[in-house]
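K.L.:
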């Protein structure tokens, strides 16, 4: 059994036999072979090379009539590759030393070469990777013959495991049979993510080397709710997930009914439910699930989606699309929050020894004013389209806030100069996600219209725990007494200054923590859209009195374990079927 | 061009060449290079500052990813080494793989 954590990009649970596909639709068996089979595999590889040469020569001779020198050149190059002793040696050496099948050796060797090309800066040379993939395909066709399986001709349900999924491949997905997607590459903005959501199948991406961990046909669990994949699960795990999956489905159906109903506690307190979204196409989902606006519009996809920095127009169009959906309902746009965990370490930022404590997020923006102003300008322009608010992430002191606001004002003046309309009274807010911001919330509150507590980072910074590091991740808990005290401070200070407050971290979508948050005074939750109905159901099942009691008890406790256990039990009492 | 070492039939020649066609040593030039090198019996090794590769292997040659302006060392070892390096120099620097040179810088 192997468990890997990736990024959950499409919710749901899927358990099934996996189909491992590479970039070109072929299924590559990643099987190890016995030592005694190695000679046979080497022979298979040799035969494949010979057969591929023959095939190519036949093709080449057909081209004779036409004077297509380009094509002939390509064939000629491919032929030389197929005859190349160094290349053949790489393949046969791999079969010998690593005891793998000919298919796998061919694929691995050629992909390594292709990768080498893609890393070359010269575009002309890097594009030659395509030739290498072509050669790989030719060889694999020989090796796999009729065993070749492509995803268009599935006859049984599978979960697809791939390095990366291309648009062409997904176009060919047979929706009746593809039940989940796991990919090594990709972020929330990747193609796999978008497709999986539109197909309504669970998907986890950014798994790095998951394709190496599975063989075609292995059972794989894809947990698109928690961003976990499990290869070769044991029986107990399968059983556990089958239950979970069934419950999830039943729950989904039950919750359908609740979507239209308001999020009001039994004693009549209205809780505002907002959605956290990543891209414009999720906006509809928020409404569908019963959200009343966007509490956190992450804008990083604009920066991660392409090699070029997004233009003002790119920003504007993305915002306009979302705002259109929400009309007068609030849309809180968070300015660029890149750095640390967001994959940009290689791409745009200098590597830092301590990225989470480094130049990320608002700090990065304040040092890259052109980039920052481009985004602010687009947000301001979009502010006339609806009820737009702007939110700065990772504020850790009042100077940063002042600086950010000053820049916002600069941009406003620039817009005045060219007579472009914007909402002069746009609400400005900040994320409270560092202990320093939480502790100085009283000061910060005087200069903003709202706070949004980002419990994920707040927990990590308060407890000095990297939740991604499995050696310490058990120490990570948003209901640790230290974190709760900070959250309480922030809520009290926000109330004193009478500014808006919402919670947008994972705490907001955790059924067990809902009562606690309400009891602590939170009246706005912003969460992943698929979780809205479930949390709403909990809200509709509790009274404020229950919640206050729960919060009082929990805040009086001294250990995280005690608090977590207490909250779980309290939640079970209210809504047994949710747990 | 001086032979570095000379025994009966063990001749070694080493020259430095500069890739001077605009698109560099992409597939077709690499193919021409390898085809030419393969006509000779001597061993031909081509190096840049990072790697040394077999001049008769298209895979290895193209992986050098030599762009226009790149300098490469060509080392030939064997009876016909002198002819080999001369022929290679001609292909790369004189004929420039029959490809256009980069546009003149103003």
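Chains as they are written, first to last, in our numbering: chain L, 1 to 579; chain Y, 580 to 685.
Ideal placement from N, C-alpha and C gives every residue a C-beta, glycine not left out.
Only a predicted model underlies this, so the values are computations on that prediction, with no experimental measurement involved.
Enumerate, from N- to C-terminal direction, the unbroken beta strand (DSSP E) stretches of 3 or more residues contained entirely within the region 599-664 of chain Y.
P.N.:
Counting only runs of 3 or more, we get 622-626, 631-633, 650-656.
K.L.:
Which residue wins for smallest C-alpha separation from residue 614 of chain Y, given the options Y/592, Y/635, Y/681?
P.N.:
Counted from its first residue, the second chain places residue 614 of chain Y at position 35. Of the candidates Y/592, Y/635, Y/681, the one whose C-alpha sits nearest the C-alpha of residue 614 of chain Y is Y/635.
K.L.:
Using CA coordinates, which residue listed in Y/653, Y/612, Y/670, Y/617 is at the minimum distance from residue 630 of chain Y?
P.N.:
The residue given as residue 630 of chain Y occupies position 51 in the second chain. Among Y/653, Y/612, Y/670, Y/617, the Cα nearest to that of residue 630 of chain Y is on Y/653.
K.L.:
For a quick check, are the C-beta atoms of residue 20 of chain L and residue 204 of chain L less than 8 Å apart?
P.N.:
In the first chain, counting from the first residue as 1, residue 20 of chain L sits at position 20. In the first chain, counting from the first residue as 1, residue 204 of chain L sits at position 204. Contact flag unset, no.
K.L.:
Run through the region 185-239 of chain L for me and flag every whole alpha helix (DSSP H) of 4 or more residues, listed as ranges in chain order.
P.N.:
Whole alpha helix (DSSP H) segments, 4+ residues: 191-199, 210-213.
K.L.:
Determine the contact status of residue 412 of chain L and residue 380 of chain L, defining contact as a CB-CB distance below 8 Å.
P.N.:
Within the first chain, numbered from 1, the residue matching residue 412 of chain L stands at position 412. Within the first chain, numbered from 1, the residue matching residue 380 of chain L stands at position 380. Contact flag set, yes.
K.L.:
From which residue to which residue does the beta strand (DSSP E) around residue 451 of chain L run?
P.N.:
What you label residue 451 of chain L is simply residue 451 of the first chain in a count that begins at 1. Per DSSP, residue 451 of chain L belongs to the beta strand (DSSP E) from 450-453.
K.L.:
With H, G and I counted as helix, E and B as strand and the rest as coil, what does DSSP make of residue 391 of chain L?
P.N.:
The residue labelled residue 391 of chain L in the question sits at position 391 within the first chain. If DSSP states are grouped into helix, strand and coil, residue 391 of chain L belongs with the strands.
K.L.:
Pick from L/400, L/376, L/403: whose alpha carbon is nearest that of residue 414 of chain L?
P.N.:
The residue labelled residue 414 of chain L in the question sits at position 414 within the first chain. Considering only alpha carbons, the answer is L/376.
K.L.:
Using a Cβ-Cβ distance under 8 Å, would residue 613 of chain Y count as near chain L?
P.N.:
Indexing the second chain from 1 puts residue 613 of chain Y at position 34. Yes, contact with chain L.
K.L.:
Whose Cβ in chain Y lies nearer than 9 Å to the Cβ of residue 87 of chain L?
P.N.:
For the purposes of this step, residue 87 of chain L is taken as residue 87 along the first chain, with counting starting at 1. Here the neighbours are 636, 637, 638, 639.
K.L.:
Figure out for me which residue from L/52, L/480, L/512 has the closest Cα to the Cα of residue 465 of chain L.
P.N.:
Position 465 of the first chain holds residue 465 of chain L. Of the listed residues, the one whose Cα sits closest to residue 465 of chain L is L/480.
K.L.:
Using 8 Å for Cβ pairs, my map puts residue 232 of chain L next to residue 211 of chain L. What's the rounded Cβ distance?
P.N.:
Position 232 of the first chain, counted from the first residue, corresponds to residue 232 of chain L. Position 211 of the first chain, counted from the first residue, corresponds to residue 211 of chain L. Not confirmed; about 14 Å, so no contact.
K.L.:
Cβ of residue 371 of chain L within 8 Å of Cβ of residue 278 of chain L?
P.N.:
Here residue 371 of chain L refers to the residue found at position 371 of the first chain. Here residue 278 of chain L refers to the residue found at position 278 of the first chain. Result no, Cβ atoms of residue 371 of chain L and residue 278 of chain L do not sit closer than 8 Å.
K.L.:
Per DSSP, which one or two residues make a beta bridge with residue 330 of chain L?
P.N.:
Within the first chain, residue 330 of chain L is the residue found at index 330, counting from 1. L/387.
K.L.:
Cβ of residue 607 of chain Y less than 8 Å from any chain L Cβ?
P.N.:
Sequence index remark: in the second chain, residue 607 of chain Y carries index 28 (1-based). Yes, residue 607 of chain Y counts as interfacial toward chain L.
K.L.:
Express the C-alpha separation of residue 142 of chain L and residue 81 of chain L in angstroms, rounding to a whole number.
P.N.:
For the purposes of this step, residue 81 of chain L is taken as the residue at position 81 of the first chain. For the purposes of this step, residue 142 of chain L is taken as the residue at position 142 of the first chain. Spanning the two alpha carbons is a distance of roughly 16 Å.
K.L.:
Restricting to runs no shorter than 4 residues, where is the alpha helix (DSSP H) found entirely within the region 38-63 of chain L?
P.N.:
List check, alpha helix (DSSP H) in window: 38-62.
K.L.:
Using 10 angstroms around the beta-carbon of residue 556 of chain L, count the other beta-carbons present and answer buried if the total reaches 16, otherwise exposed.
P.N.:
As a first step, residue 556 of chain L must be located in the first chain, where it is residue number 556. Label assigned to residue 556 of chain L: exposed.
K.L.:
Count the other CB atoms within 10 Å of the CB of residue 424 of chain L; is the residue buried (16 or more) or exposed (fewer)?
P.N.:
On the first chain, position 424 is the one that residue 424 of chain L refers to. Exposed: under 16 other Cβ atoms inside 10 Å.
K.L.:
Suppose the cutoff is 6 Å on Cβ atoms and the five residues either side in sequence are ignored; what does the same chain contact list for residue 507 of chain L look like?
P.N.:
Walking along the first chain from the start, residue 507 of chain L turns up at place 507. Around residue 507 of chain L: 455, 478, 513.
K.L.:
Taking CB distances under 8 Å as the criterion, tell me whether residue 620 of chain Y reaches chain L.
P.N.:
For this step, residue 620 of chain Y is matched to residue 41 along the second chain. Output row for residue 620 of chain Y: interface = no.
K.L.:
For residue 250 of chain L and residue 243 of chain L, I'd like the C-alpha separation in whole angstroms.
P.N.:
Here residue 250 of chain L refers to the residue found at position 250 of the first chain. Here residue 243 of chain L refers to the residue found at position 243 of the first chain. So the alpha carbons of these two residues sit roughly 11 Å apart.
K.L.:
Alpha carbon to alpha carbon, how far is residue 16 of chain L from residue 158 of chain L? Give it in angstroms, no decimals.
P.N.:
Residue 158 of chain L sits at position 158 when you count from the first residue of the first chain. Residue 16 of chain L sits at position 16 when you count from the first residue of the first chain. Cα to Cα, residue 158 of chain L sits roughly 6 Å from residue 16 of chain L.
K.L.:
Alpha carbon to alpha carbon, what distance is there between residue 563 of chain L and residue 294 of chain L?
P.N.:
Numbered from its first residue, the first chain carries residue 294 of chain L at position 294. Numbered from its first residue, the first chain carries residue 563 of chain L at position 563. Those two C-alpha atoms are separated by around 30 Å.
K.L.:
Sort L/56, L/112, L/33, L/55 by Cα distance to residue 95 of chain L and report the nearest one.
P.N.:
As a first step, residue 95 of chain L is located in the first chain; it is residue number 95 there, counting from the start. Out of L/56, L/112, L/33, L/55, L/33 has the C-alpha closest to the C-alpha of residue 95 of chain L.
K.L.:
At a CB-CB cut-off below 8 Å, which residues of chain L make contact with residue 648 of chain Y?
P.N.:
Looking up residue 648 of chain Y in the second chain gives position 69. Those within 8 Å of residue 648 of chain Y in chain L number zero; the least Cβ separation is about 11 Å.
K.L.:
For residue 131 of chain L, which residues in chain Y fall below 7 Å Cβ to Cβ?
P.N.:
Here residue 131 of chain L is taken as the residue at index 131 of the first chain, counted from 1. The answer, in chain order, is 606.
K.L.:
Looking at C-alpha atoms only, which residue of L/311, L/327, L/298 is the closest neighbour of residue 287 of chain L?
P.N.:
As a first step, residue 287 of chain L must be located in the first chain, where it is residue number 287. Selected option, being the one with the closest Cα: L/327.
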